[in-house]
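Structure first, then comments.
Protein chains: 2
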Amino acid sequence: MSPRATATEALQSSGYRLTMQRQLVWDALRQSKRHLSAEDISALLRKRHPRLNLATVYRSLEVLEELGLIKQTRIGDRGYYELVQEGKDHYHLVCDRCGSTLHIEGDHMVPVLHHITEDHDFMVSAADLVVHGRCAKCQAKAAHGGEGRWKARADGTKRAPYRAQ
Amino acid sequence: MSPRATATEALQSSGYRLTMQRQLVWDALRQSKRHLSAEDISALLRKRHPRLNLATVYRSLEVLEELGLIKQTRIGDRGYYELVQEGKDHYHLVCDRCGSTLHIEGDHMVPVLHHITEDHDFMVSAADLVVHGRCAKCQAKAAHGGEGRWKARADGTKRAPYRAQ
DNA sequence: GTAACTGCAAATTCTTTGCACATAT
DNA sequence: ATATGTGCAAAGAATTTGCAGTTAC
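Listed in order, the protein sequences are those of chains S and Y. Using numbering that gives the first Met the number 0, the first residue of the first sequence is number 0, and each one after it goes up by one. Using numbering that gives the first Met the number 0, the first residue of the second sequence is number 0, and each one after it goes up by one.
The following block contains the structure:
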């Protein structure tokens, strides 16, 4: 079953309507190599679909998440979305200095989640691991004296480094 | 070295000033068994210190986090803060149905973080694992038909369950 | 004495919602 | 035909910031 079919069928069989907007949001995420924020998606789609509204993006994301097709990771004060891919563990390394994000694949988490389920009678639907620290580049730079620290923000946009006042 | 001394010394030796407000925020977190949001802390402290402002709480948290004394976990759209305790792994199980949060201790993450450091030349300062799913109570209830899904919110306050429209 | 800090109010940023119109089923 | 979904504008919630006055050093 292709991912494309997955979304279409999941929407239809669940009673949700299959709308252009939901398909566009899904496609944007499917075609992206990295996670996207609602604003990212809106910006991408605005090019070809200027009327597609940010609020609709949020509503579409909510539905897709509800269906378990995508998952949200919160980094800093924003949500980032990406496809749920069975058996593919995926987490994030956020550099608190430059704001860059690495996407890491691996199955390290499997035993952790196993324990959680066993020990706590908790039915896991999604695990979200965000690791903060310094990327290789910034470890090097740090030697020369710091130039501040970034708010966690996966795409490094806009927000200025903040100093310790 | 007691936690109390830790904060005092860390603040002083780093060039930050040792203010009443920073000590109060630190004490609030130290005395709490669970994580606290900025608003939680503000509410706690307001009782005895009505002038202590929410913005100051945020600024104090920023400093304490910068010094590595506390760490923030983002759940839903809020940040929650707790002490960093060496060697004590700590993560969160959030029930997406009722909004409750379980705090789990364990060292499951040690090997995961080890791999991260090894494989990616990334200097870890804090790891944040948030697991979403259904708590035991809600698994039982779910059989009788759902009554909606909550936005992740660790203390279950205020926000209404949201339906799939 | 002075740079750092706080309180307060206003601003920002991300996200949600109400409502009139549009559309998938 | 009609329940659902969308666009738009406005509201909400969490967090940040500018500034004048206060305080730790």
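Glycine included, each C-beta is placed from N, C-alpha and C at the ideal position. Remember, it's a predicted structure, so these values are computed and weren't measured experimentally.
Item, Value
"Which chain Y residues sit within Cβ distance under 7 Å of Gln-138(S)?", "Met-122"
"In three-state DSSP terms, what is Leu-82(Y)?", "strand"
"Using a beta-carbon distance below 8 Å, is Cys-97(S) in contact with chain Y?", "no"
"Applying the 10 Å Cβ sphere with the 16-neighbour rule, what's the burial state of Val-109(Y)?", "exposed"
"How do the segment 123 to 133 of chain Y and the segment 62 to 79 of chain Y stand: do at least 3 beta-carbon pairs fall below 8 Å, yes or no?", "yes"
"For Cys-137(Y), which residues in the same chain have their Cβ closer than 8 Å to its Cβ, ignoring the five residues on either side in sequence?", "Cys-94, Arg-96 and Cys-97"
"By alpha-carbon positions, which one of Gln-84(S), Phe-121(S) and Arg-58(S) ends up nearest to Gly-105(S)?", "Gln-84(S)"
"Starting from Ser-181(S), trace the beta strand (DSSP E) both ways and give me its first and last residue.", "Chain S is shown only over 0 to 164; residue 181(S) falls outside these bounds and no answer can be derived."
"Could you list which residues in chain Y have their beta carbon closer than 8 Å to that of Met-108(S), in chain order?", "Val-111"
"Can you give me the start and stop residues for the alpha helix (DSSP H) that His-107(Y) sits inside?", "Element bounds for His-107(Y): n/a, residue is neither H nor E."
"Based on Cα-Cα distance, which residue from Ala-9(S), Thr-18(S), Leu-63(S) and Arg-77(S) lies nearest to Leu-28(S)?", "Leu-63(S)"
"For a cutoff of 8 Å on Cβ pairs, would you count Asp-127(S) as touching chain Y?", "yes"
"Can you tell me where the alpha helix (DSSP H) with Leu-51(S) in it begins and where it stops?", "First-last for Leu-51(S): undefined, no H or E at that position."
"How far does the alpha helix (DSSP H) with Arg-21(S) in it reach, from first residue to last?", "19 to 30"
"Against chain Y, with Cβ distances strictly below 8 Å, would Val-130(S) count as a contact?", "yes"
"State the CB to CB distance for the pair Leu-60(Y) and Ala-37(Y), rounded to an integer number of angstroms; the pair is presumed to be in contact (CB under 8 Å).", "6 Å"
"So, with DSSP's three-state summary, where would you put Arg-77(S)?", "strand"
"Quick one: Cα of Gln-22(S) to Cα of Arg-33(S), how far?", "18 Å"
"Asp-154(S) CB to nearest chain Y CB: under 8 Å?", "Its pLDDT being 42, under 50, Asp-154(S) is placed unreliably in this model, and the coordinates cannot settle the point."
"Any Cβ of chain S within less than 8 Å of the Cβ of His-34(Y)?", "no"
"Answer with yes or no whether the minimum CB distance from Ala-135(S) to chain Y is below 8 Å.", "yes"
"Return the CA-CA distance between Thr-156(Y) and Lys-140(S), expressed in angstroms with no decimal places.", "Any reading at Thr-156(Y) needs caution, since the residue's pLDDT is 42, under 50, leaving its predicted position unreliable; the model's value is listed next. C-alpha separation (whole angstroms): 43 Å."
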